[in-house]
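S.K.: Going line by line, the protein sequences match chains A and B. Start counting the first sequence at 2; every next residue gets the next number (my numbering). Start counting the second sequence at 93; every next residue gets the next number (my numbering).
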Amino acid sequence: MYKIGVVGDKDSILGFKALGMSVFPVTSAIEAQETIDKIASMQYAVIYITEQFAKDIVSTIEKYKDQRLPAIIPIPSNQGPLGIGMMNVKKSVERAVGADILFKDE
Amino acid sequence: MPKPKKIDETKYVYAVSRIRAIEKRLLDKIKLDRMVEAKSADESLRVLLEAGYGSGDSDVKSVFEYESILKEEHNKVYSLLNELAPEKDIINMFLLANDYHNIKVILKAEFSNQDETSLLIEPGSVPANELKLMIKDRNMSKMPPIMKKAVEEAIDTYSRTNDPQVIDLILDKANYAHMKSISASLDNKFVNELIVTLIDLRNINIFLRVKNLKKSWDFLQKVLIPGGYIDTKVFIQNFDTPIENLVEALRFTKYGPLLEDGIESFRSTGSLTKFEKLSDNFITSYVKKSKLITFGIEPLIGYLMAKETEIKNARIIMVGKINNISNDVIRERLRESYV
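#1: Tell me the DSSP bridge mates of I74 of chain A?
#2: Quick one: what's got a C-beta closer than 8 Å to R112 of chain B's C-beta in the same chain, skipping five residues either side?
#3: Using beta-carbon positions only, say whether F358 of chain B and L300 of chain B come within less than 8 Å of one another.
#4: Cβ-heavy atom distance between L316 of chain B and the ligand NAP below 7 Å?
#5: Have a look at the DSSP bridge pairing and note the partners of I5 of chain A.
#6: Between G144 of chain B and V152 of chain B, which are expected to be in contact by the criterion C-beta below 8 Å, what is the C-beta distance as a whole number of angstroms?
#7: Taking a contact to mean a Cβ-Cβ separation below 8 Å, would you say I62 of chain A touches I76 of chain A in this structure?
#8: Quick check: what's the CA-CA separation for S233 of chain B versus E222 of chain B?
#9: How many Å lie between F331 of chain B and N373 of chain B at the Cα?
#10: Please list the partners that D12 of chain A has in chain B, where partner means a Cβ-to-Cβ separation under 9 Å.
#11: Please say whether E179 of chain B and I389 of chain B have beta carbons closer to each other than 8 Å?
#12: Are the beta-carbon atoms of A46 of chain A and Y65 of chain A separated by less than 8 Å?
#13: V24 of chain A bridges to which residues according to DSSP?
#14: Anyone know if the C-beta pair for F387 of chain B and T102 of chain B falls short of 8 Å?
#15: Which of the three DSSP states is assigned to L278 of chain B in this structure?
#16: Going along chain A in order, which residues have a C-beta closer than 7 Å to the C-beta of S154 of chain B?
#17: Would I227 of chain B and H270 of chain B be called neighbours here (beta carbons separated by less than 8 Å)?
#18: State buried or exposed for P318 of chain B, treating a residue as buried only when at least 16 other CB atoms are found within 10 Å of its CB.
#19: Determine the burial state of L20 of chain A: buried for a count of at least 16 other Cβ atoms within 10 Å of its Cβ, exposed for fewer.
#20: Please report how far the alpha carbon of K413 of chain B lies from the alpha carbon of V128 of chain B, in whole angstroms.
#21: Mind checking Y106 of chain B: buried by the 16 CB within 10 Å criterion, or exposed?
#22: Whole angstroms is fine: what's the gap from D248 of chain B's alpha carbon to E202 of chain B's?
#23: By the DSSP assignment, the alpha helix (DSSP H) with P349 of chain B in it spans what residues?
#24: DSSP three-state label for G81 of chain A, please.
#25: Among B:L396, B:N405, B:V411, whose alpha-carbon lies nearest the alpha-carbon of F186 of chain B?
#26: Which word fits R230 of chain B, buried or exposed, when buried means at least 16 other C-beta atoms lie within 10 angstroms of its C-beta?
#27: Okay, do the stretch 187–199 of chain B and the stretch 209–225 of chain B touch, 3+ Cβ pairs below 8 Å being the bar?
#28: DSSP on E32 of chain A, reduced to helix/strand/coil?
#29: So is N89 of chain A in contact with chain B if we call contact Cβ pairs under 8 Å?
#30: If we ignore side chains and look at the alpha-carbon of each, how far apart do V98 of chain A and S363 of chain B end up?
#31: Quick one: residues in its chain with C-beta nearer than 7 Å to the C-beta of E402 of chain B, no 5 flanking neighbours on either side, listed in chain order?
#32: Closer than 8 Å, CB to CB, is Q80 of chain A near chain B or not?
#33: With respect to the alpha helix (DSSP H) encompassing F327 of chain B, which residues constitute its N-terminal and C-terminal limits?
#34: Less than 6 Å between C-beta atoms, sequence neighbours within five positions excluded: which residues of the same chain meet that for N337 of chain B?
#35: Let me know if R427 of chain B comes out buried or exposed under the rule of 16 or more other beta-carbons within 10 Å of its beta-carbon.
This is the structure:
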């Protein structure tokens, strides 16, 4: 069975544990990068990463973009959203449909 | 029941002198303020290190080490008190909570086939790995009787019901029963009253939480802890009525003012934060009495509770600072300090 992993600062992500996800608290971008690389090859279908770390390890996340698994999804941390997650949704929609049908008014 | 043994106060002359000397190093309001006002989590941590936290060498690489530093400080307090206290039972009494936590973790991990090591808390009155072995081998003969009975009951009840909550219910009750039995074996009013007060505060807390969860009174009956100064009947009778009735029923007990303040904020916010803070302050102001006692176990317990509060405060500040919580919010949550 596939699992869901969450990478980020401890105080932001610990709550996900109660939902049965595996949490991986990290304190630096390098650590986040290593964790992603490590768990990407394990049984994780979805990996959530807080935007605070996602913004520093874009290249690592890009690497997995064209693979079927895992899907790496940036989520806001407790410091508020940075807009990276939404930006990615927008990009994915453009890629799939050919036009931005969700946010074109903004 | 064996006759309660009187504590021989003269045995405490050295211990109390040591405690009085190191008590001066407790973080006072000024130092806590400096930690809150600090511009960054790094600076807050530095105040802690200056106050003697950590191992002395100042090569702390990252603020995230605060957790291990606080843990280490906690260990230091207990090993110091164990070294000083002629009667170890009394100090160990305050470690029982960790033991029972560890037992819960070990049992639940076993029943759900998970690894628990990272969730165990040290120090315990019984080291965690010994507990683990005893439970794994189902050989609990070396455990204190109350603990042994509780573990057996938890295993048995779980195997019949498959409900992990029974583990918590049985062990939480046993935890307080165990503390109460140790305090009953000592002829010491200060300790006895402290335990009774802890049970009362816990019960009020349970009452509010069960109300929040909208559970029935028979669930409340199951979770209340016997042995407090307030009879558990008082809680049950006032459960299906508005919350004011409980406040009214307890108005003329020593918890009157605490309840009024705490429940006011519980009603408007539905959160127990304020009540829990006031409960902690209540205990602190109780143990402050020990400052007036020249020789005896009281100053040691006072120091122990003071240190627990201090570590809690340090944690609140560090977590707040790391997550950019505003100073006002941090200050709102800080417990009153002992000094």
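Glycine included, every Cβ here is placed at the ideal spot set by N, Cα and C.
M.R.: Considering the structure as presented:
#1: I74 of chain A pairs with A:Y49.
#2: Once the five neighbours on either side are set aside, the close Cβ partners of R112 of chain B are P391.
#3: Yes, the pair counts as a contact, with Cβ atoms nearer than the cut-off.
#4: This structure lacks the ligand NAP, and indeed carries no ligand of any kind.
#5: I5 of chain A is bridged to A:V47.
#6: Actually they are not in contact, since the Cβ atoms of G144 of chain B and V152 of chain B sit about 14 Å apart, beyond 8 Å.
#7: In terms of Cβ geometry, I62 of chain A and I76 of chain A do not form a close pair [threshold 8 Å].
#8: Cα to Cα, the separation comes out at about 12 Å.
#9: When rounded, the separation of the alpha-carbon atoms in F331 of chain B and N373 of chain B is 26 Å.
#10: Going along chain B in sequence order, the residues near D12 of chain A (Cβ under 9 Å) are V411, I414, N415.
#11: Cβ atoms of I389 of chain B and E179 of chain B: closer than 8 Å.
#12: No.
#13: Looking at the DSSP assignment, V24 of chain A forms a beta bridge with A:V7.
#14: It is a contact, given that the beta carbons lie within the stated cut-off.
#15: L278 of chain B falls in the strand class under three-state DSSP.
#16: Against chain A, the beta carbon of S154 of chain B has neighbours under 7 Å at T28, listed in chain order.
#17: Contact: no.
#18: The residue in question, P318 of chain B, is exposed, as its Cβ has fewer than 16 Cβ neighbours within 10 Å.
#19: With fewer than 16 other Cβ atoms within 10 Å, it is exposed.
#20: One C-alpha to the other measures close to 8 Å.
#21: Around the beta carbon of Y106 of chain B, a 10 Å sphere encloses fewer than 16 other beta carbons of the protein chains shown; the residue is thus reported as exposed.
#22: Each residue's CA atom was taken as its position, placing D248 of chain B and E202 of chain B some 14 Å apart.
#23: Element bounds for P349 of chain B: 348–361.
#24: Note: G81 of chain A maps to strand in three-state DSSP.
#25: The shortest Cα separation from F186 of chain B among B:L396, B:N405, B:V411 belongs to B:L396.
#26: The residue is exposed, with fewer than 16 neighbouring Cβ atoms inside 10 Å.
#27: Per the Cβ contact rule, the stretch 187–199 of chain B is in contact with the stretch 209–225 of chain B (3 or more Cβ pairs under 8 Å).
#28: Note: E32 of chain A maps to helix in three-state DSSP.
#29: N89 of chain A does not count as touching chain B.
#30: In this structure, the alpha-carbon of V98 of chain A lies about 46 Å from that of S363 of chain B.
#31: The residues are L118, L119, S429.
#32: Yes, its Cβ sits closer than 8 Å to a Cβ of chain B.
#33: For F327 of chain B, the enclosing alpha helix (DSSP H) starts and ends at 324–329.
#34: If we look at N337 of chain B and ignore the five residues flanking it on each side, its Cβ neighbours are N330.
#35: Per the 10 Å Cβ criterion, buried.
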